[in-house]
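> Right, I'll just put the structure down here and ask away after.
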Amino acid sequence: MKTSYFCILFIGVLALLVESLPVSQPNHVSLVKRSLPSNLKWTEVREIHKKRHLIKFEGMITGLFNKGMVNVTTMNALNEAKCGRTEKLQNEGNVDIGYFGPIKIGGQTFQVIFDTGSSDLWVPSKNCSSPACTAHKAFIESESKTFVDLNTTTGITYGAGQVNLTSGRDTVEIAGITACHQTFGRTFIESDDFLKVEFDGIFGMAFDSLSAQNASTPFSTMVRQKKVTNSFFGFHLSRARDAGDVGTLTIGGVDKSKFTGSINFNNVVGDTGFWLIKLDSASVDGDSAVTKRPAIIDTGTTLVLVPTEDAIFIHSKIPGSQVIQGEFAIPCNTTSKVSFAFGGVSYKIDPRDLKVTTIPNAPGMCLSGIGASDALGGAWLVGDVFLKNVYSVFDIEKKAVGFAPSVRSKCST
């Protein structure tokens, strides 16, 4: 496994223990999470997730390839995923790609995915004739007195589809907080991947440097315009199996009703534009499996994807694990606790979150929520399988990611 590219990134990593952060009152929005459909084969589910992360992190993967950190096989898989994206994903409906909620642009309300793995805001344009556009709420320029057309176009490729858009500026509001003169995109072409989803667009929440529009994210704008007291936002991601559990995104603060104890912060390392921090270790039932890995924290990714040799070692410690048709599977009744440690604090993953879907013709076996990928040069991609078990906080000024035990799981050790 090639990890040298990231070694320099670990220098100076500091975990900060925060005893008290502001409690949010009105500045949060409720989040909705989609569930996997029952008509997909388990192999299709895993193929979709793998293709998504290849496409979404294309820029990073290409850079690693140019540095000799990933091989030609990975690049071929990336190109194949891009060419076959619509055919493979349109029937899948982009299910389970992230949590979404409401925002306003120019006074018009839209449902958007809140994605810490990208940095652009866009919604459909009324002038877009793509089926995916006409099936959703479109931005109407004439209905906003504050809209300014920038007349610049660009294309963005996600793991869940592709859009072409024209940039403009307007007032963006989320949770009662506004960003004035915010750059956003109005799509004039959308791939069919976005046709059957409930959300209208995407609200990027990574660092500004990732923006295809060369723009600040709405939250960065709010911080710069001093519309929020604090330079961080907090996520509580709901679990469908927990009746009554409501996901929330809090802007410029945290919601103390959603976590216990203290939030432990970890500095972002490097300048990738992603929320990349240091993972101290991963263990199974207290038995250490791997140590010192770079990890991208992404609310827009469902699974946890790790280098192949790490995936093998982790699953070797889960009793009854198997490899079925090239994929990792675990017993559906497993009680094993996989834990990730960040900044000296360990957080357990609820066994329910490790079981993605049952596997036909393999009685009692479920697809594992931890999969293998060597595409990110030794880095881990940590998505919702883990994030549902913690309250996560992202600070753009201090460039740090914090975690605290979710009140629902109470699994921190």
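FYI, in mature numbering (1 follows the signal peptide of the UniProt record, and there is no 0) the residues of the sequence shown are -20 to -1, 1 to 393. We treat Cβ as the ideally placed atom computed from N, Cα and C, and that holds for glycine.
Taking contact to mean at least 3 C-beta pairs separated by less than 8 Å, is the segment 112 to 132 in contact with the segment 163 to 183?
Cβ pair count under 8 Å is three or more, so yes.
> What do you reckon, are the CB atoms on D172 and A269 nearer than 7 Å?
It is not a contact, given that the beta carbons lie outside the stated cut-off.
> With C-beta atoms as the reference, is I276 less than 7 Å away from L361?
Closer than 7 Å, so yes.
> Can you find the residues in the same chain that come closer than 7 Å, C-beta to C-beta, to A115, ignoring five residues on each side of it along the sequence?
So the list reads L175, once near-sequence residues are dropped.
> Bridge partners for I154 per DSSP, in chain order?
DSSP, once it has assigned bridges, lists I157 as partnering I154.
> Please classify S122: does DSSP put it in a helix, a strand, or coil?
DSSP places S122 in helix when its eight states are reduced to three.
> Taking the alpha-carbon positions, what's the N369 to S263 distance?
About 15 Å.
> Helix, strand or coil for C113? Go by DSSP, reduced to three states.
Note: C113 maps to helix in three-state DSSP.
> If contact is defined by three or more beta carbon pairs under 8 Å, each pair taking one atom from either stretch, is the segment 284 to 300 in contact with the segment 252 to 266?
With a cut-off of 8 Å, the segment 284 to 300 and the segment 252 to 266 count as touching, because enough Cβ pairs lie within range.
> Can you round the beta-carbon distance between V152 and T158 to whole angstroms, since I take them to be within the 8 Å contact cut?
Correct: roughly 7 Å between the Cβ atoms.
> Assuming T201 is part of the alpha helix (DSSP H), what are its boundary residues?
Per DSSP, T201 belongs to the alpha helix (DSSP H) from P198 to R204.
> I need the straight-line Cα distance from H216 to F366, nearest angstrom please.
So the two alpha carbons sit approximately 12 Å from each other.
> What does the alpha-carbon distance come out to for the pair G141 and W102?
Rounded to whole angstroms, G141 to W102 spans 13 Å at the Cα level.
> On a Cα-Cα basis, can you pick out the residue from I298, F212, T89 and V248 that is closest to T315?
T315 has its Cα closest to that of I298, out of I298, F212, T89 and V248.
> Bridge partners of F90, per DSSP?
Paired residue(s): I83.
> Ignore the nearest five residues each way along the sequence and tell me which others in K272's own chain have a CB closer than 8 Å to its CB.
If we look at K272 and ignore the five residues flanking it on each side, its Cβ neighbours are F(-11), K258, L259, D260 and S261.
> Starting from S319, follow the beta strand (DSSP E) in both directions and report where the run begins and ends.
Note, S319: beta strand (DSSP E), V318 to F322.
> Is it true that the segment 230 to 245 meets the segment 179 to 190, where meeting means three or more beta-carbon pairs spaced less than 8 Å apart?
Segments in contact, no.
> Sorted by chain position, which residues of the same chain lie with C-beta nearer than 6 Å to K84's C-beta, five sequence neighbours on each side aside?
Closer than 6 Å at the Cβ level, and outside the excluded window around K84, lie E153.
> Within the same chain, show all residues whose beta-carbon is closer than 6 Å to that of V3, passing over the 5 residues directly before and after it, in chain order.
Reliability fails at V3, whose pLDDT of 38 lies under 50, so the model's placement of it is uncertain and no value is given.
> Given a threshold of 16 other Cβ atoms within 10 Å of its Cβ, counted over all protein chains shown, does K328 qualify as buried or as exposed?
K328 should be labelled buried.
> Let me check one thing: in DSSP terms, what residues is G148 bridge-paired to?
Paired residues: D129 and F164.
> Using a Cβ-Cβ cut-off of 7 Å (strictly less than) and excluding sequence neighbours within five positions of F239, which residues of its own chain qualify?
For F239, where only same-chain residues beyond five positions count, the Cβ hits under 7 Å are Y371, A384, P385, S386 and V387.
> So what's L334 in DSSP terms, helix, strand or just coil?
DSSP places L334 in helix when its eight states are reduced to three.
> Within 10 angstroms of the Cβ of S301, are there 16 or more other Cβ atoms? Answer buried if so, exposed if not.
Looking at its Cβ environment, which holds 16 or more other Cβ atoms inside 10 Å, S301 is buried.
> How many angstroms separate the CA atom of V325 from the CA atom of H161?
Distance between the alpha carbons of V325 and H161 is about 40 Å.
> For the segment 340 to 348 and the segment 205 to 214, state whether three or more C-beta atom pairs, one from each stretch, are separated by less than 8 Å.
The answer is no - the segment 205 to 214 does not touch the segment 340 to 348, with fewer than three Cβ pairs under 8 Å.
> Name the DSSP bridge partner or partners of H216?
Note: H216 sits in a beta bridge opposite T228 and Y371.
> Distance, Cα to Cα, A359 vs P274?
Going by the C-alpha atoms only, they are around 5 Å apart.
> Give the secondary structure of I169 by DSSP, where H, G and I count as helix, E and B as strand, and everything else as coil.
In this structure, I169 counts as strand in the three-state DSSP scheme.
> So what does residue 397 bridge to, in DSSP terms?
There is no way to answer for residue 397, as the model of the chain reaches only from -20 to 393.
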